[in-house]
Amino acid sequence: MGVEKFAKKEVAALMSRAGSSTRASVGPIEGMINLGAGDPDFNQPEFINKAVYDAMVAGHTHYSFTGEPDFKEAIAKYYKKYGVDIDPKTQVLITSGGSQAIFQAFAAILDPGDEIVVFDPAYTGYNTPIAYFGAKMVRAKQVKNKDGIFRPDFANLEAVITPKTKAILFCTPDNPTGTVWTKDELKKLAEICVKHDVIAISDEIYTEFIWGGKKHNTIIDLPGMWERTMVLMSFSKTFAWTGCRAGYIIAGPELMKVLAAVPVGICSVPVPFQKAAIKALADGWDFVAEMKAEYKKRIDYMTKRLNEIEGVKCAKPEGAFYLFPDISSFGMPSMKFAMEFFQKEKVRVAPGSAYGEMGEGHIRFALVRPVEDLEEVCK
Numbered sequence: 016m017g018v019e020k021f022a023k024k025e026v027a028a029l030m031s032r033a034g035s036s037t038r039a040s041v042g043p044i045e046g047m048i049n050l051g052a053g054d055p056d057f058n059q060p061e062f063i064n065k066a067v068y069d070a071m072v073a074g075h076t077h078y079s080f081t082g083e084p085d086f087k088e089a090i091a092k093y094y095k096k097y098g099v100d101i102d103p104k105t106q107v108l109i110t111s112g113g114s115q116a117i118f119q120a121f122a123a124i125l126d127p128g129d130e131i132v133v134f135d136p137a138y139t140g141y142n143t144p145i146a147y148f149g150a151k152m153v154r155a156k157q158v159k160n161k162d163g164i165f166r167p168d169f170a171n172l173e174a175v176i177t178p179k180t181k182a183i184l185f186c187t188p189d190n191p192t193g194t195v196w197t198k199d200e201l202k203k204l205a206e207i208c209v210k211h212d213v214i215a216i217s218d219e220i221y222t223e224f225i226w227g228g229k230k231h232n233t234i235i236d237l238p239g240m241w242e243r244t245m246v247l248m249s250f251s252k253t254f255a256w257t258g259c260r261a262g263y264i265i266a267g268p269e270l271m272k273v274l275a276a277v278p279v280g281i282c283s284v285p286v287p288f289q290k291a292a293i294k295a296l297a298d299g300w301d302f303v304a305e306m307k308a309e310y311k312k313r314i315d316y317m318t319k320r321l322n323e324i325e326g327v328k329c330a331k332p333e334g335a336f337y338l339f340p341d342i343s344s345f346g347m348p349s350m351k352f353a354m355e356f357f358q359k360e361k362v363r364v365a366p367g368s369a370y371g372e373m374g375e376g377h378i379r380f381a382l383v384r385p386v387e388d389l390e391e392v393c394k
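For the sequence shown, the tail end lands on 394 under the working numbering, and the numbers increase by one without skipping.
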């Protein structure tokens with residue numbers, strides 16, 4: 016019996032793609048060094064674990080649909096470091112991690128046939144929810160500058176916008192490229208969003224991981240953008256919380272009414288984890304600093320070693336903890352390169368083609384293993 020006939024048509028289409036995914040084709044294997052998934056190898060601090068337990072003992076175990084008020088207040092306080100004033104009552108929605116933030120943003124605005132523009136190479140996690148809602152992903156190019164850093168191509172962006180375009184989605188710092196958008200680039204994007212009357216969806220999950228003296232800027236407080244911006248955030252990377260599922264969306268009051276109307280009770284964040292997240296925002300920054308120092312060490316080591324390999328070009332990322340080296344000189348599709356690398360060396364990486372046409376000729380390393388493991392990779 017073909018179960019597809021019972022499935023929602025968008026789900027059936029997604030099922031047909033699943034078998035070809037790199038995750039489906041490469042399972043856990045003894046001795047494998049997994050640099051394919053961006054799951055930090057750090058464990059959250061004990062004081063955060065204790066905060067979860069203390070919250071349960073204190074009776075914080077009831078419904079919390081759009082989020083605890085004190086958690087929203089802590090988020091608003093955190094965002095002041097970027098010079099952004101947020102009303103926690105009307106401009107913050109708590110989500111079950113970054114993935115729900117993405118899904119909820121799309122659920123709130125996308126109708127079948129709508130178009131949403133992403134910058135290619137683009138994070139693969141956007142693909143499924145866009146398809147689920149029957150919308151079309153349109154790709155604007157990121158192109159490499161003389162230093163090998165991908166930058167948004169605004170002429171190409173304007174060329175792909177149509178009357179069906181509902182939103183423009185971008186990520187800063189970017190996964191997979193490591194690009195940190197400049198203030199001038201954000202201003203240009205804001206002008207385009209206002210000109211074409213579209214929404215900006217800003218994925219800012221890697222804000223705490225910025226290198227080389229770069230600075231994180233957000234688009235939401237630029238002229239004309241509060242009423243047309245959704246900022247997506249998560250604790251998964253900042254506090255190594257990938258299994259605890261806490262995130263949020265920041266938006267203006269009118270957009271927030273639309274976001275809050277999407278049913279969230281089936282996947283709201285357990286209240287004890289919200290209380291622990293408050294503790295993390297208050298006392299977790301020494302832990303974050305330790306992670307950043309370790310990531311910096313890994314980035315410096317791996318960038319140097321990769322650039323010592325003939326035919327490989329690897330720019331040092333401006334942000335996040337990924338490397339996206341150019342391996343095009345080997346004359347091999349990135350999917351084939353990644354599969355052969357795994358089969359021969361038991362090292363899992365992500366093929367650049369997974370992130371779009373502009374990613375072809377690259378592979379992505381997630382630096383989520385210690386330097387000792389990276390040394391093994393480079394032998």
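Ideal Cβ positions, reconstructed from N, Cα and C, are used throughout, including at glycine.
Have a look at F80, G258, S79, Q106 and flag the residue whose alpha-carbon is nearest the alpha-carbon of I400. Because residue 400 is not part of the residues shown, which for the chain are 16 to 394, the question remains open.
Y263 in three-state terms, based on DSSP: DSSP places Y263 in strand when its eight states are reduced to three.
Does the stretch 184–203 come close enough to the stretch 87–103 that 3 or more CB-CB pairs lie under 8 Å? With the rule of 3 Cβ pairs closer than 8 Å, the stretch 87–103 does not count as touching the stretch 184–203.
So, is G334 buried or exposed, given that buried needs 16 or more other C-beta atoms within 10 angstroms? Per the 10 Å Cβ criterion, buried.
So what does DSSP say about D315, is it helix, strand or coil? Note: D315 maps to helix in three-state DSSP.
Determine the direct distance from the alpha carbon of P385 to that of A330, and round the result to whole angstroms. 20 Å
I'd like the list of long-range same chain contacts for S40, defined as Cβ closer than 7 Å, with 5 residues on each side in sequence excluded. In this prediction, S40 scores a pLDDT of 47, lower than 50, which makes its location untrustworthy; the coordinate-derived value is nonetheless stated afterwards. Counting only Cβ-Cβ distances below 7 Å, and skipping sequence neighbours, we find nothing.
Closest by CA to K198, which one among H231, L184, A174? H231
For the alpha helix (DSSP H) that A91 lies in, which residues bound it at each end? 84–94
Going by DSSP, what residues sit across from K290 in a beta bridge? Note: K290 sits in no beta bridge, so no partner.
Between the alpha carbons of Y221 and A170, how many angstroms are there, rounded? 26 Å
Where in the stretch 302–389 do unbroken runs of the beta strand (DSSP E), each at least 3 residues long, occur, reported from the N-terminal end onward? 378–381
What does the alpha-carbon distance come out to for the pair C393 and Y310? 17 Å
At the level of alpha carbons, what is the spacing between Y337 and I314? 8 Å
Mind reading off the beta-carbon distance from G367 to S349? Whole number of angstroms is fine, and I expect it under 8 Å. 4 Å
D168 beta carbon less than 9 Å from that of V158: yes
Candidates V364, Y147, I216, V195: closest to K181 by CA position: I216
Which residues does DSSP list as the beta-bridge partners of Q157? P167
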